[in-house]
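Top to bottom, those sequences are chains A and B. Okay, so the first sequence: first residue is 1 according to the numbering used here, each after it adds one. Okay, so the second sequence: first residue is 385 according to the numbering used here, each after it adds one. Reading through the structure tokens given below for one structure.
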Amino acid sequence: MIIKLIARNVFRHKLRAILTILGVAIAVSSFGFIRTVITAWYIGVEASSSNRIVTRNAISIGFPLPLAYKNKLESTPDVLEVTYANWFGGIYKDPGNFFAQFAIDPVSYFNVYPEYEVRPEQMQAFLKDRSGAIVGQKLAERYGWKVGDIVPLTGTIYEGDWDFTIRGLYKGAKKSADETIFFFHWKYLDERVAEIFPDFTGNVGFYIATIDNPDNAALVCQGIDERFKNSANETLTETESAFQLSFVTMSSAIISSLEIVSFVIIAIIMLVLANTMVMSARERTSEYAVIKTLGFQPGFIYAMIVGESLLLSSLGALLGLLITFPIVNGFADAVGSFFPSFDISTMTLIAAVIATLVVGALSGIMPAIRAAHLNIIDGLRQLS
Amino acid sequence: MSTIINIENLSKTYHRDAEELQVLKSINMQVENGEFLALMGPSGSGKSTLLNMIAGLDTPTSGKVTICGSELSQMNESQLAGWRSQHVGFIFQFYNLMPVLTAYENVELPLHLINLSKEERDKKIRLALNLVGLPDRMDHYPNQLSGGQQQRVAIARAIVTDPSIIVADEPTGDLDRKSAEEILNLMVRFNKELGKTIIMVTHDPHAAGRAHIKKHLDKGTLNGA
Ligand SMILES: Nc1ncnc2c1ncn2[C@@H]1O[C@H](COP(=O)(O)OP(=O)(O)OP(=O)(O)O)[C@@H](O)[C@H]1O
Ligand SMILES: [Mg+2]
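Encoded structure:
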């Protein structure tokens, strides 16, 4: 009986019910979408390993470090393996085609980044070809590249036209691993630089080192920076995640505001639902009075109103989740390449559903208290 | 005959801001089991208030209300609710059916407060709707029924739990003559054939004429007739 009452009461005002459900659905999908963006961003940060540290020029990331630092870093206690890379910043056909390109020292780089997996024969081919490249699976998929294809890049920092031959693809061993990077030989970069600016050879963008114990990271970083203090190129060393975060302080502010917005959205869901429930409960005051007159206890009224509010919010949540998927997928197609992984996480889905249900129950409770404890005589009077 | 309603020194005072409004003044009244009583009186004289006391919807400021052997002024709200569901059937001026439930489901509603199997419930509902002459309107919603038909469904809802007392506050107040007559006929029948004690508030002398006893309330004081 109670189920019947709830189900029929929900759609008594069809337009109102539909508008409420749509309102909740839109809010839920915005919540889902925003949480997905936030999650994707954090995955990027989490993807960095805590046993890797990054050493760069203390002045700014734009300034290089000498290649000679490699040996010095390797001889630092607690440091296991050292590799280095330069940000290339080339353009593929159109500036809109953004993806990261790094000139790397191949053997040590893939040792330091074991999560990038390359088939041995492809790795061999890459090592043999000075202008070869290894690209992420997702990136290759995006531009339809195959092994053997030649990819022309236009340099911005390192001017000129650069042609690379894809010798292999890598895939991420972890879901969080970024599969959109373009790697090529640092040696090739250095040779080309030598042809144009012989004075600028032997420059490394930054060093990445693995350390034996992540708990010591702070000490090791400090030790390295002290060692190069008062040298021609002072260093700044930090953990890889701190390094990544420093890239995205701007986006970090945006992410914080997104977090706030996602909670504001929950408040909006609450207002939409509470508004509907207060209106409905007020119109039905005399009905609740009759139900109480017949001898039903206040709990029955609670169940009726909170149940109705929960049903409304679940329908809204369901519809909202259904529309979240196309929205997120559409967004992923458009700009997903900025994130190593852009998927709706189960956590986001659960959070959205739980938040909506909690809010649904809460918005039903206020009018329910009013209706359940209303004086019967006053309630019956309302209709005359 | 036994006394089913015993009211002793019942007073009710409402407080509105600083003002005190004594609506019922030291009412004494006994009603025998199986009686059909009409309560009359000018508007504002306290008829509904008295009826609500008898029905266990409101509690007196002072005095005793004993119905079917239970002392109502001693009960809390939740006990009163349980008591009402067993002893009282309600008929209102504006029928007060649930708009989202069919005639059948409206009659079924109070039965959910009583432990019954589905079959027993169904039997009672059909019987009640037959008694009020609406066996063919079971699946109709209130807005598909005339006022008189809605009031008949309400009467079926009032008798379906087999209560000892039926209270009716101006049950014909919103009906035309012919429908009003049908409703009064039903009440007389249930009083005679099923032995229900009926307390009916009415403005209509003709309706009051169908009752055995008429009592007049005036400014909170009761005069027998
Ligand atoms: N909850 C309340 N608070 C304050 N005053 C009340 C309350 N309920 C009833 N009254 C007052 O008590 C008096 C009696 O009301 P009651 O409803 O019993 O009258 P009545 O005889 O049924 O009148 P009518 O024929 O118009 O229905 C009225 O003056 C009314 O204003
Ligand atoms: Mg009245």
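From the three backbone atoms N, C-alpha and C, an ideal C-beta is built for every residue, glycine too. As the structure is a computational prediction, the values presented were derived from the model and not from experiment.
### Query
Taking Cβ-Cβ distances shorter than 7 Å, what residues in chain A pair up with B/VAL407?
Under the 7 Å cutoff, chain A gives no residues; its nearest Cβ is about 11 Å from B/VAL407.
- Close-in-space but distant-in-sequence residues of the same chain around A/ALA194 (CB under 7 Å, 5 per side omitted): THR201
Subject >> CB of B/GLU475 within 8 Å of CB of B/ALA538, strictly >> reply: Sequence inspection shows Ile at residue 475 of chain B; the Glu mentioned does not correspond to that position. Yes; because the gap between Cβ atoms is below 8 Å, this pair is in contact.
| message | Please report the distance separating the alpha-carbon of A/GLU226 from that of A/GLU74. | response | 15 Å
Next item on the list: Taking B/MET482 as part of the beta strand (DSSP E), name the residues at either end of that continuous run.
Entry: Element bounds for B/MET482: n/a, residue is neither H nor E.
For B/TYR488, verify whether its CB is less than 7 Å away from any heavy atom of ligand 1. no
May I ask you to report which of helix, strand or coil DSSP gives B/LEU606?
-> strand
_Neighbour-count burial assignment, A/ALA68, 16 or more Cβ in a 10 Å radius_ = exposed
task: Check each candidate in A/ALA58, A/PHE11 and A/LEU357 and name the one with the smallest Cα separation from A/PHE206.
output: A/ALA58
field: Proximal residues to B/THR641 (C-beta, below 8 Å), its chain only, five neighbours per side dropped
entry: No answer is possible for residue 641 of chain B: it lies beyond the span of chain B, which begins at 385 and ends at 609.
Please confirm whether A/LEU321 has its beta-carbon closer than 8 Å to some beta-carbon of chain B.
no
Which same chain residues end up closer than 6 Å to B/LEU456 when comparing Cβ atoms and leaving out the 5 residues on each side of it in sequence?
GLY440 and VAL449
Would you check if the distance between the CB atom of A/LEU401 and the CB atom of A/ARG56 is smaller than 8 Å? Look at the range of chain A in this structure, 1 to 384, and you will see that residue 401 of chain A is not part of it.
### Task
Measuring only between beta-carbons, confirm whether B/PRO494 sits less than 8 Å from chain A.
yes
Practice problem: Mind reading off the beta-carbon distance from A/ALA209 to A/ILE53? Whole number of angstroms is fine, and I expect it under 8 Å. | Solution: 5 Å
Practice item. State yes or no: is the C-beta of B/VAL407 nearer than 7 Å to some heavy atom of ligand 1? Key: yes
Practice prompt. Tell me whether B/ASP553 is buried or exposed, calling it buried when 16 or more other Cβ atoms sit within 10 Å of its Cβ.
Written response: buried
Quiz item: With a cut-off of 8 Å, do at least 3 Cβ pairs link the region 237 to 244 of chain A to the region 80 to 87 of chain A?
Solution: no
Should A/SER314 be listed as close to ligand 4, given that the test is whether its C-beta is under 7 Å from any heavy atom?
Here the bound small molecules are ligand 1 and ligand 2; ligand 4 is not part of this structure.
In the region 89 to 118 of chain A, which residue ranges form an unbroken alpha helix (DSSP H) of at least 4 residues, counting only runs that do not cross its ends? 106 to 112
Could you check the C-alpha separation between B/GLY473 and B/ILE451 for me, to the nearest Å?
13 Å
key: CB of A/ILE150 within 8 Å of CB of A/ASP163, strictly   = yes
Could you list the residues in the region 466 to 477 of chain B with a C-beta less than 9 Å from some C-beta on chain A, going in chain order?
GLY466, TRP467, ARG468, SER469, GLN470, VAL472, PHE474, PHE476 and GLN477
Since B/GLU392 is in the beta strand (DSSP E), which residue starts that stretch and which ends it?
-> 387 to 400
Does any residue of chain B have a CB that is nearer than 8 Å to the CB of A/SER309?
no
Margin query: Can you list, in chain order, the residues of its chain with a C-beta nearer than 8 Å to that of A/ARG385? Leave out the 5 residues immediately preceding and following it.
Written below: Here chain A covers residues 1 to 384 and nothing more, so residue 385 of chain A does not appear.
* By the criterion of Cβ-Cβ separation under 7 Å, what are the contact partners of B/ASN436 in chain A? -> ILE377
Legend entry - Rounded straight-line distance, which links the Cα of B/ARG468 to that of B/HIS496: 13 Å
Is A/ALA303 close to chain B? Criterion is C-beta to C-beta, closer than 8 Å.
no
Practice prompt. May I have a chain-ordered list of the alpha helix (DSSP H) segments no shorter than 4 residues that lie completely inside the region 206 to 278 of chain A?
Written response: 217 to 227 and 240 to 247
**Q.** Contact list for B/SER462 against chain A, beta-carbon separation under 7 Å
**A.** GLN297
Next on the checklist: At the 8 Å Cβ level, is A/SER384 part of the contact set with chain B, yes or no?
Outcome noted: Residue placement at A/SER384 is flagged as unreliable, the pLDDT there being 44, under the threshold of 50; a coordinate-derived value is accordingly withheld.
- Message: Taking contact to mean 3 or more Cβ pairs, one atom from each stretch, closer than 8 Å, check whether the region 555 to 575 of chain B and the region 399 to 412 of chain B are in contact.
- Response: no
* Would you kindly work out how many angstroms separate the C-alpha atoms of B/TYR488 and B/MET522, rounded to a whole number? => 5 Å
query: Relative to ligand 2, is the shortest distance from any of its heavy atoms to the C-beta of B/LYS431 smaller than 7 Å?
result: yes
Taking only runs that begin and end inside the region 161 to 212 of chain A, name each unbroken alpha helix (DSSP H) of 4 or more residues, in chain order. 186 to 196
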